[in-house]
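K.L.:
If you scroll down you'll find the structure; I have some questions about it.
2 protein chains.
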Amino acid sequence: MNRFLSHAANRIDAKGRVSVPSAFRSVLSDGGVRELYCFQDFVFPAISVGGPELLDRFEKQMAAEDPFSPEANEMSLLVHGGGVFVKLDPEGRLMVTDFIRDFTGISTDVMFVGRGDYFQLWEPQAFMKAQAVAREGRKSRGLRPD
Amino acid sequence: MNRFLSHAANRIDAKGRVSVPSAFRSVLSDGGVRELYCFQDFVFPAISVGGPELLDRFEKQMAAEDPFSPEANEMSLLVHGGGVFVKLDPEGRLMVTDFIRDFTGISTDVMFVGRGDYFQLWEPQAFMKAQAVAREGRKSRGLRPD
DNA sequence: TGGGACCATATGGGCGTCAATGGGATTGGG
DNA sequence: CCCAATCCCATTGACGCCCATATGGTCCCA
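Protein chains in written order, with my numbering: chain A, 1 to 146; chain B, 1 to 146.
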């Protein structure tokens with residue numbers, strides 16, 4: 001398992017720290033990643049987190065659009081200018097800063113959500129709701145495992 | 001027999017574990033599967049369970065779309081973030097987590113339902129009812145067993 | 001054909017390990 | 001000099017692994 005999959009909720013302690021789930025930590029260490037890059041998601045109230053190579057992914061996405069379009073301009077502002085670096089402590093915890101809290105609504109618990117080659121931080125209730133909405137949309141469009 | 005067929009109900013023990021029916025376990029071991037991928041069904045209040053190849057199937061659907069489209073983003077949220085991995089213990093039991101209980105309504109017993117190349121976890125009463133409804137629907141449309 | 005031994009599955013519980021969490025100590029920067 | 005971020009260590013509680021028991025069905029043999 002070398003990708004970020006599934007989801008898990010952990011509690012923030014009195015110092016504002018939260019444990020990254022063990023499964024996600026092993027993906028990171030397999031990739032030799034110790035410093036994480038975070039920025040705001042474009043559509044959801046969530047913070048996206050990954051190694052520095054995560055920048056490449058979104059630069060590709062920007063390259064796919066007209067580089068001078070307002071959308072690409074906005075993305076660059078968010079990705080290049082809006083990101084922050086986060087370090088893990090020896091136990092694999094990260095600090096939940098106001099940057100994270102304000103954008104996501106997180107207060108006491110954090111939902112870690114795998115997205116394949118990166119993961120996200122959500123307010124748990126917000127994640128559940130967004131997922132339910134997405135599932136409803138899929139139901140009407142007929143997504144099946146077969 | 002290399003597919004998941006028929007149905008069977010088992011009880012959850014005091015630790016929240018339930019035995020996967022022997023017939024399903026042999027299908028799994030024939031495929032060399034020990035870690036299972038689970039996700040919420042898009043139509044019924046049931047959890048679908050299968051090997052990791054179920055995930056591959058979803059990802060093929062995603063690959064067919066524009067990887068940066070809102071639809072692909074939504075689908076990644078469901079497939080990457082919404083799925084859960086569960087392990088079987090040496091006796092072939094799995095933990096019935098809140099993820100499973102909340103979505104299905106399962107409390108004390110689990111109905112295992114074969115669906116061909118995967119199987120599902122249902123609250124027993126809900127399964128009986130859904131089956132009856134499906135049967136009625138076909139009858140009223142004048143369909144014959146085929 | 002009936003009884004009994006045998007076998008496989010389902011179920012119950014003890015125990016060790018590891019991840020998640022909490023709190024004290026230390027260090028470095030403002 | 002103080003505050004806060006970081007490190008280190010202790011606790012606990014969940015989960016995985018092991019072995020024991022129950023239960024029901026099948027097969028064999030009298």
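Quick reminder that beta carbons are idealized off the backbone N, C-alpha and C, glycines included. These figures come from a predicted structure and were not determined experimentally.
#1: Should B/G83 and A/S22 be called a contact, given that it needs their Cβ atoms to be closer than 7 Å?
#2: Taking Cβ-Cβ distances below 7 Å as the criterion, which residues of the segment 103 to 127 of chain A are in contact with chain B?
#3: Please decide whether A/H80 counts as near chain B, where near means a Cβ-Cβ distance under 7 Å.
#4: Taking Cβ-Cβ distances below 9 Å as the criterion, which residues of the segment 21 to 37 of chain A are in contact with chain B?
#5: Could you tell me how far apart the beta carbons of A/D117 and A/R57 are, in whole angstroms, since I believe they sit closer than 8 Å?
#6: Against A/G137, what residues of chain B qualify as contacts under a CB-to-CB distance less than 9 Å, listed in chain order?
#7: What alpha helix (DSSP H) runs, 4 residues minimum, are completely inside the segment 108 to 143 of chain B?
#8: According to DSSP, simplified to helix, strand and coil, what is B/L55?
#9: Using a beta-carbon distance below 7 Å, is A/K129 in contact with chain B?
#10: Under 8 Å Cβ to Cβ from B/G105, same chain only, skipping five residues before and after it: list those, please.
#11: How far does the alpha helix (DSSP H) with A/S69 in it reach, from first residue to last?
#12: Applying the 10 Å Cβ sphere with the 16-neighbour rule, what's the burial state of A/V43?
#13: Label B/G137 either buried or exposed according to how many other C-beta atoms from any shown protein chain fall within 10 Å of its C-beta, with 16 as the threshold for buried.
#14: Classify B/E74 as buried or exposed, calling it buried when 16 or more other Cβ atoms lie within 10 Å of its own Cβ.
#15: Please return the same chain residues whose Cβ sits closer than 8 Å to the Cβ of B/M62, not counting the five positions on each side in sequence.
#16: Where do the ends of the alpha helix (DSSP H) carrying A/L28 lie?
#17: Strictly below 9 Å CB to CB, what residues from chain B border A/L77?
#18: My guess is that A/E91 and A/S19 are in contact by the Cβ rule of under 8 Å, so how many angstroms apart are they, rounded?
#19: Report yes if the C-beta distance between B/L121 and B/I47 is below 7 Å; otherwise report no.
#20: Listed in chain order, which residues of the segment 6 to 18 of chain A have Cβ atoms closer than 8 Å to some Cβ of chain B?
#21: Between the beta-carbon of A/A9 and the beta-carbon of A/D109, is there less than 7 Å?
#22: Pick from A/L54, A/R17, A/R34, A/G32: whose alpha carbon is nearest that of A/F119?
#23: Helix or strand or just coil, what does DSSP make of B/I106?
P.N.:
In terms of the structure at hand:
#1: Within the second sequence, residue 83 of chain B is the residue found at index 83, counting from 1. Within the first sequence, residue 22 of chain A is the residue found at index 22, counting from 1. No, the pair does not count as a contact, with Cβ atoms beyond the cut-off.
#2: V113, G114, R115, G116
#3: By 1-based counting over the first sequence, the position of residue 80 of chain A is 80. Cβ-Cβ to chain B under 7 Å: no for A/H80.
#4: A23
#5: Here residue 117 of chain A refers to the residue found at position 117 of the first sequence. Here residue 57 of chain A refers to the residue found at position 57 of the first sequence. Right, their Cβ atoms sit about 7 Å apart.
#6: The residue labelled residue 137 of chain A in the question sits at position 137 within the first sequence. Those are E71, E74, listed as they occur along chain B.
#7: 124 to 140
#8: To locate residue 55 of chain B, count along the second sequence from 1; it is residue 55. Looking at B/L55 - three-state DSSP - the assignment turns out to be helix.
#9: Here the question's residue 129 of chain A lines up with position 129 in the first sequence. No, its Cβ sits nowhere closer than 7 Å to a Cβ of chain B.
#10: Taking the first residue of the second sequence as 1, we reach residue 105 of chain B at position 105. Counting only Cβ-Cβ distances below 8 Å, and skipping sequence neighbours, we find P45, E123, A126.
#11: By one-based count along the first sequence, residue 69 of chain A stands at place 69. Taken as a continuous stretch (DSSP letters only), A/S69 belongs to no alpha helix (DSSP H), as it is neither H nor E.
#12: Walking along the first sequence from the start, residue 43 of chain A turns up at place 43. A/V43 should be labelled exposed.
#13: Walking along the second sequence from the start, residue 137 of chain B turns up at place 137. Classification for B/G137: exposed.
#14: Residue numbering aside, residue 74 of chain B sits at position 74 when the second sequence is read from its first letter. With 16 or more other Cβ atoms within 10 Å, it is buried.
#15: Position 62 of the second sequence, counted from the first residue, corresponds to residue 62 of chain B. A72, M75, S76, V79, listed in sequence order.
#16: Here the question's residue 28 of chain A lines up with position 28 in the first sequence. Start and end: 22 to 30.
#17: In the first sequence, counting from the first residue as 1, residue 77 of chain A sits at position 77. Neighbours of A/L77 on chain B: none; closest Cβ ~17 Å, over 9 Å.
#18: Walking along the first sequence from the start, residue 91 of chain A turns up at place 91. Walking along the first sequence from the start, residue 19 of chain A turns up at place 19. Their Cβ separation, rounded to whole angstroms, is 7 Å, which keeps A/E91 and A/S19 in contact under 8 Å.
#19: In the second sequence, the residue the question calls residue 121 of chain B occupies position 121. In the second sequence, the residue the question calls residue 47 of chain B occupies position 47. For B/L121 and B/I47, yes; Cβs fall inside 7 Å.
#20: S6, H7
#21: As a position in the first sequence, residue 9 of chain A is number 9, starting the count at 1. As a position in the first sequence, residue 109 of chain A is number 109, starting the count at 1. In this structure, A/D109 lies closer than 7 Å to A/A9 by Cβ.
#22: If you number the first sequence from 1, residue 119 of chain A lands on position 119. It is A/L54.
#23: Counted from its first residue, the second sequence places residue 106 of chain B at position 106. Looking at B/I106 - three-state DSSP - the assignment turns out to be coil, as it is neither helix nor strand.
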